[in-house]
Structure formats: structure tokens, C-alpha cells
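Worksheet: the structure to be examined is printed underneath.
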Amino acid sequence: MKMGKDLASGRERVIIPWKSADDPSPGPYVHWLDTNGYPQIFVRKGSVLRRRSGPWNGLKFQGWSIENPTPIYSIQFVMNEKEIYYKYDLKSSAVQRVLVLPDAVAVLLQWMDQIQEWVVHTIGAATDSCGGYGLCGPYASCNANRYPPL
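Position one of the sequence shown corresponds to residue 0 (numbering that gives the first Met the number 0), numbered consecutively onward.
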């Protein structure tokens, strides 16, 4: 899975979840890599920004709880003169799929041959509690280890 921008053509790759579990038409959420300033992933519902990942820190997006590396997949962030993108690559022969549900929650499923079923590997919003857009106001600090995180 690859999300980002081709700087030569201007083409952007975004993720748009289905409208509902049984309606594959585009839903109201859009996930995209914003290349203005320090690149970070944003999620918007319609015209309202809902979440952001925080900037890439060399290992992951600052506000993400997703671990890298794992035995199943690797995460890569590339920024050069041709393109800026973020992608997942499978590291094993495991069969997996990523579902982005209509409410913008991501679910990583892995196929288990032994039981002939999809098993949930990861579920939840990709960002920590400080990833809510505008949660702390402009120039504010946020502590994800406190509740509320302000």
C-alpha cells in the first residue's frame, strides 16, 4: 500500500474508505499525505480535518502507535526530488489485508491457514490521543500519557 505524491506529475495517492460495509462507493473520509512543510498524514471527513499523524521522525509518524518493524510488514517513508510517499511492505509470506472502515478506523487482518479465517492483527485509529486535529489549540503541547491529553 502506497500513499503520497508524485512531485513531477502532481498525482496524489490517497485512501478513501467505503461508504459502508456493504456499499463500496467512496465514503466521507479521506486519508492523505500532506507534503506542505514537514510531511504528515491527515484524515478529513468532508471538509473538516479530524486527525493527523504528526511529522515523520525517521522511524514512524510522531503521533502514531504503529510499531516498525514487525515480523509481518515494514513501513517506509521516502522523500526525494521525484516523490514523497509512505508505504507498507510485506516481509513474510503472510497473506494480509488492511481494511479502512467507514468511520476511518484501520484494521489489519492476517489469513490463518490452520483455521481458514482472517484474524485481526491490529485494530484502532492509527494515531495516539494527541492526533485529534486541533485538540490542544494552536502552538499547544499535548501529553498522550495523560487523560485528558492536554
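In this text, a Cβ means the ideal position worked out from N, Cα and C, and glycines have one as well. Quick caveat: nothing in here was measured; it's all calculated off a predicted structure.
> Would you report the Cα separation of residue 73 and residue 46, rounded to the nearest angstrom?
Replying inline: Within the sequence shown, the letter at position 74 stands for residue 73. Within the sequence shown, the letter at position 47 stands for residue 46. Taking the straight line from one Cα to the other gives about 31 Å.
> Where do the N-terminal and C-terminal ends of the beta strand (DSSP E) with residue 32 fall, by residue?
Replying inline: If you number the sequence shown from 1, residue 32 lands on position 33. Taken as a continuous stretch (DSSP letters only), the beta strand (DSSP E) holding residue 32 covers 28-33.
>> Helix, strand or coil for residue 81? Go by DSSP, reduced to three states.
In response: Translated into the one-based positions of the sequence shown, residue 81 becomes position 82. It is coil, neither helix nor strand.
>> Quick check: what's the CA-CA separation for residue 34 versus residue 108?
In response: As a working mapping, residue 34 is identified with position 35 in the sequence shown. As a working mapping, residue 108 is identified with position 109 in the sequence shown. Answer to the nearest angstrom: the Cα atoms are 29 Å apart.
> residue 6 bridges to which residues according to DSSP?
Replying inline: In the sequence shown, residue 6 corresponds to position 7, counting from 1. Its beta-bridge partners do not exist; DSSP assigns none.
> If residue 41 sits next to residue 31, beta carbons under 8 Å apart, how far is it from one beta carbon to the other, in whole angstroms?
Replying inline: Within the sequence shown, residue 41 is the residue found at index 42, counting from 1. Within the sequence shown, residue 31 is the residue found at index 32, counting from 1. Contact flag correct, Cβ pair sits at about 6 Å.
> Between 76, 20, 114, which lies nearest to residue 106 when the distance is taken from Cα to Cα?
Replying inline: Along the sequence shown, read from residue 1 onward, the residue named residue 106 stands at position 107. Residue 106 has its Cα closest to that of 20, out of 76, 20, 114.
> What are the partner residues of residue 70, as DSSP defines its beta bridges?
Replying inline: Within the sequence shown, residue 70 is the residue found at index 71, counting from 1. In DSSP, residue 70 forms no bridge with anything.
> When you compare only the Cα positions, how much space is there between residue 114 and residue 26?
Replying inline: Reading the sequence shown from its first residue, position 115 is the one you call residue 114. Reading the sequence shown from its first residue, position 27 is the one you call residue 26. Answer to the nearest angstrom: the Cα atoms are 32 Å apart.
>> Output needed for residue 13: all residues of its chain with C-beta closer than 7 Å, excluding positions within five of it in sequence on either side, in chain order.
In response: As a first step, residue 13 is located in the sequence shown; it is residue number 14 there, counting from the start. Excluding sequence neighbours, residue 13 sits near 2, 29, 30, 31.
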